[in-house]
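K.L.:
With my numbering applied, the sequence shown covers 44 to 327.
The beta carbon of each residue, even a glycine, is placed where N, CA and C say it ideally should be.
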Amino acid sequence: MADGIRRLTCENPSPFTFHGTNTYLIGQREIAVLDPGPTNDTHIDDIVNAAGAGAIKAILVSHTHMDHSPGARLLQARTGAPIIGCGPHRAARTLASGEVNTMDASADADHIPDGELKAGDTFSLGDTVFEAIETPGHTANHLCFAIAGTHVLFSADHVMAWSTSIVAPPDGNMRDYMTSLERLLERPETDYLPGHGGVVRDAHGYVEELKAHRLGRERSILDRLDDSPVSIPDLVLQIYDDLPPGLRPAAALSVFAHLEDLAERGLVAADPNVTLTASYRRAP
Numbered sequence: 044m045a046d047g048i049r050r051l052t053c054e055n056p057s058p059f060t061f062h063g064t065n066t067y068l069i070g071q072r073e074i075a076v077l078d079p080g081p082t083n084d085t086h087i088d089d090i091v092n093a094a095g096a097g098a099i100k101a102i103l104v105s106h107t108h109m110d111h112s113p114g115a116r117l118l119q120a121r122t123g124a125p126i127i128g129c130g131p132h133r134a135a136r137t138l139a140s141g142e143v144n145t146m147d148a149s150a151d152a153d154h155i156p157d158g159e160l161k162a163g164d165t166f167s168l169g170d171t172v173f174e175a176i177e178t179p180g181h182t183a184n185h186l187c188f189a190i191a192g193t194h195v196l197f198s199a200d201h202v203m204a205w206s207t208s209i210v211a212p213p214d215g216n217m218r219d220y221m222t223s224l225e226r227l228l229e230r231p232e233t234d235y236l237p238g239h240g241g242v243v244r245d246a247h248g249y250v251e252e253l254k255a256h257r258l259g260r261e262r263s264i265l266d267r268l269d270d271s272p273v274s275i276p277d278l279v280l281q282i283y284d285d286l287p288p289g290l291r292p293a294a295a296l297s298v299f300a301h302l303e304d305l306a307e308r309g310l311v312a313a314d315p316n317v318t319l320t321a322s323y324r325r326a327p
């Protein structure tokens, strides 16, 4: 992918993972493995075979979704390398009364790193220096990683070329996601290597497009709200043209994330409270 960077894609394709989870091998004699993926023995074998016996010295994890972090424990058992990066899984907020976390099954609650990185922390392996960038939104503990002295940033699931990131409360938060996009725009990196799909070139221009897309979705939601309460499934049918039925639950979560943000800003009201099953209207 670039000097000293290789990519292996796990065979776990789905509507949420595209062709599969991208694992990156970074370094020459001493290798850091970023996001070893799900519990998939074949993929772990491929990582070890590609790196070479004894070369893997660190395992980096961007966030705790089941398609990214569980493989770290399998790889550690094979190599003894420390697991470094994001902290344990946590939700962006507590559950509301009667609320169910629809993303609970996708969370890797067993992830416990040997070393947790915060914003601005660096980790060195050989001649490679990684900088952690906190980018909550997709998950509360999401990290991107930049390689010092290069134009490369590993954007994990925060920025992907094949699709916009899913932001699903209470695990995710739309306001955090938008703030994290702004944080990346302040940085110099131009090429992003994402957790799914191909390289993002002209990264700043693409991130601006992501911002515009989300703001446009927000306007679409507000345009369809008035004094009459409306449910999220009804909003999905109004906003998303010709959406296959199988993708409507994901669209509902995206609309919910926007509504949660709009409610916090006082622009919409929920009945009885801000949940996926509530009804929404314009705030008086």
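Can you tell me whether C129 sits near the ligand ZN, meaning its C-beta is under 8 Å from at least one heavy atom of the ligand?
P.N.:
Among the components modelled here there is no ligand, and therefore nothing to report on the ligand ZN.
K.L.:
Quick check on L49: does DSSP put it in helix, strand or coil?
P.N.:
First, the amino acid is wrong: residue 49 is Arg here, not Leu. Residue state, collapsed to three classes: strand.
K.L.:
What is the rounded straight-line gap between the Cα of N65 and the Cα of D78?
P.N.:
7 Å
K.L.:
Bridge partners for L268 per DSSP, in chain order?
P.N.:
The partner list for L268 (beta bridge, DSSP) is empty, contrary to what the question assumes.
K.L.:
Answer yes or no: do P131 and N216 have a C-beta to C-beta separation smaller than 9 Å?
P.N.:
no
K.L.:
Can you give the Cα-Cα distance for L68 and A312, rounded to whole angstroms?
P.N.:
47 Å
K.L.:
Sort Q119, G192 and A101 by Cα distance to D88 and report the nearest one.
P.N.:
Q119
K.L.:
Have a look at R121 and A93 and give me their C-alpha separation to the nearest angstrom.
P.N.:
14 Å
K.L.:
Quick check on the DSSP output: the alpha helix (DSSP H) that includes V195 runs from which residue to which?
P.N.:
No alpha helix (DSSP H) holds V195; the beta strand (DSSP E) holding it covers V195 to A199.
K.L.:
Pick out whichever of P287, R267, L224 and H239 has its Cα sitting closest to the Cα of G248.
P.N.:
L224
K.L.:
Run the CB neighbour count on V143, radius 10 Å, all protein chains shown included, and call it buried at 16 or more, exposed below.
P.N.:
exposed
K.L.:
If contact is defined by three or more beta carbon pairs under 8 Å, each pair taking one atom from either stretch, is the stretch 172-188 in contact with the stretch 199-216?
P.N.:
yes
K.L.:
Run through DSSP, which three-state label would S167 get?
P.N.:
strand
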